[in-house]
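Chains as they are written, first to last, in our numbering: chain A, 39 to 177; chain B, 39 to 177; chain C, 39 to 177.
The C-beta atom is built at its ideal place from N, Cα and C for all residues, glycine as well.
Please read all numbers here as calculations on a predicted model, not as lab measurements.
As structure tokens, the structure follows; a few thoughts come after it.
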């Protein structure tokens with residue numbers, strides 16, 4: 039079976055909630071019959087993103103401060119002036135970070151570094167139920 | 039056929055022209071015989087990028103303002119001092135956003151969110167003819 | 039063989055050392071038996087990233103200045119206050135750029151633009167030995 043699709047259901051607080059999803063991705067990898075290939079972690083939605091980080095409290099704060107510096111919540115966004123949902127900053131942050139991350143796996147193990155975790159970041163301004171897509175392609 | 043390569047020809051205005059290419063990617067997906075897998079949308083060029091966004095006029099402006107804040111056109115770039123093509127800001131913006139986006143598809147449908155579109159951003163300073171690569175891998 | 043894993047050993051100076059790894063990726067592609075597919079270039083580590091750029095001296099400096107503007111080395115990072123390794127800026131830059139880049143190949147050739155090279159950026163604050171993962175998936 040060269041392709042296996044799995045889903046990851048998450049409850050997020052929004053407002054730059056950063057969640058470590060590494061263990062869930064590992065669990066889903068083991069549930070497939072694939073040994074070597076890539077997994078694409080994808081956010082179907084325009085206000086969330088995926089990346090990796092050394093997941094510790096300090097860096098979680100530092101990441102939030104970096105996104106606040108790049109696209110401040112208090113700035114006036116054209117999106118908000120038209121749609122009034124107050125999440126213009128969420129959208130531009132998500133577009134910059136990107137909705138997609140592709141991680142190789144070998145012998146059924148993700149090739150992550152020791153201090154490197156996969157994180158989902160919810161930039162939206164309210165709690166949300168999210169369903170990420172994990173697309174495993176390989177052999 | 040596990041791999042299918044398609045090309046997307048675009049005419050761009052440059053200067054942070056943001057184009058919604060979702061329908062074209064969908065059309066090309068249907069033209070392959072693949073049902074499940076991933077499509078990598080790739081810009082062969084150093085002044086363009088790909089991401090997703092809720093494609094509406096306000097956010098298109100907001101994205102442009104974010105890139106102008108990150109890498110202002112008016113700044114002095116070492117690239118321009120040497121090569122005089124005036125697109126130093128285009129290059130660094132493109133490198134930051136990245137030339138590549140990988141989107142899963144299932145049952146011949148892209149797994150995008152309802153308000154999420156795939157966009158090509160041309161950061162260069164002049165109109166250009168572009169040919170994006172769509173690499174479908176799956177089953 | 040639909041999946042081929044290769045490794046790229048690099049010696050880096052750190053401190054935003056930007057290395058052109060295009061030729062090495064091409065060499066490894068030729069060493070596989072794959073003709074069409076994608077290669078995911080992945081950094082197993084939380085202080086490095088991958089992207090593409092027109093690799094010339096001016097842009098290398100411009101990229102460094104952009105990252106310094108986004109996440110200045112002199113800022114106080116929560117990570118450093120707790121762990122004292124002085125690389126808080128390295129981590130947030132790496133998370134923003136991302137550890138992963140996926141490039142299509144056709145007829146055993148990467149589909150890069152003429153002036154587009156694949157680069158590894160080491161954001162860490164000291165020289166490091168790195169081993170990147172190249173995951174080739176295709177036919």
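Interface annotation, residue 122 (chain B): not in contact with chain C, CB-CB separation never under 8 Å. For residue 108 (chain A), the residues of chain C that pass the 7 Å Cβ criterion are 108, in the order they occur in the chain.
Residue 113 (chain C): not part of any beta strand (DSSP E); DSSP gives it neither H nor E. With a beta-carbon spacing of about 11 Å, residue 59 (chain A) and residue 159 (chain A) fall beyond the 8 Å limit used to define contacts.
Taking a C-beta cut-off of 8 Å against chain A, the contacting residues of the region 69 to 95 of chain B are 74, 75, 76, 89, 90, 91, 92, 94 and 95, listed in chain order. Within the DSSP secondary-structure output, residue 144 (chain A) pairs in a beta bridge with A:147.
CA-CA distance, residue 70 (chain B) to residue 144 (chain B), rounds to 13 Å. The residue among C:156, C:75 and C:128 with its C-alpha nearest the C-alpha of residue 165 (chain C) is C:128. Only residues of its own chain outside the window of five on either side were considered, and among them 165 have a CB closer than 6 Å to the CB of residue 51 (chain C), listed in chain order. Contact annotation: in the region 138 to 149 of chain A, residues whose CB is within less than 7 Å of a CB in chain C are 139, 140, 141, 142, 144 and 149. Residue 66 (chain C) is a Cβ neighbour of residue 172 (chain C), given a cutoff of 8 Å.
Distance between residue 177 (chain A) and residue 77 (chain A), taken at the CA atoms: about 12 Å. In the structure shown, residue 83 (chain C) adopts coil according to DSSP, grouped into three states. Only 171, 173 and 175 from the region 156 to 177 of chain C bring a Cβ to less than 7 Å from some Cβ of chain A.
Annotation: Cβ neighbours of residue 99 (chain A) in chain C (cutoff 9 Å, chain order): 115, 116 and 117. Contacts between residue 135 (chain A) and chain C, judged by CB atoms closer than 9 Å, involve 133, 134 and 136 in chain order. As DSSP reads the structure, residue 159 (chain C) sits in a beta bridge with C:56 and C:87. In the displayed model, residue 97 (chain B) falls within a helix according to three-state DSSP.
DSSP, read as helix, strand or coil, puts residue 66 (chain C) in helix. In this structure, the straight-line span from the alpha carbon of residue 141 (chain C) to that of residue 80 (chain B) is close to 7 Å.
Taking a Cβ-Cβ cut-off of 8 Å, the neighbours of residue 154 (chain C) in chain B comprise 82, 83, 84 and 137, given in sequence order. Bridge pairing for residue 167 (chain A): A:49 [DSSP]. For the 8 Å CB-CB criterion, residue 168 (chain A) and residue 87 (chain A) do not form a contact. About 17 Å separates the beta carbons of residue 163 (chain B) and residue 104 (chain C), which is beyond the 8 Å limit, so they are not a contact pair.
By the neighbour-count definition (other C-beta atoms within 10 Å, threshold 16), residue 92 (chain A) is a buried residue. Here residue 117 (chain B) is buried, its C-beta having at least 16 other C-beta atoms within 10 Å. For the pair residue 161 (chain B) and residue 43 (chain B), the Cα-to-Cα distance works out to about 25 Å.
Here residue 74 (chain B) has 144, 176 and 177 as same chain residues with Cβ atoms under 6 Å from its own Cβ, once five neighbours each way along the sequence are excluded.
Within chain C, no residue has its CB atom less than 9 Å from the CB of residue 52 (chain A), the nearest being about 19 Å off. With a 10 Å radius around the Cβ and a threshold of 16 neighbouring Cβ atoms, residue 100 (chain B) comes out buried.
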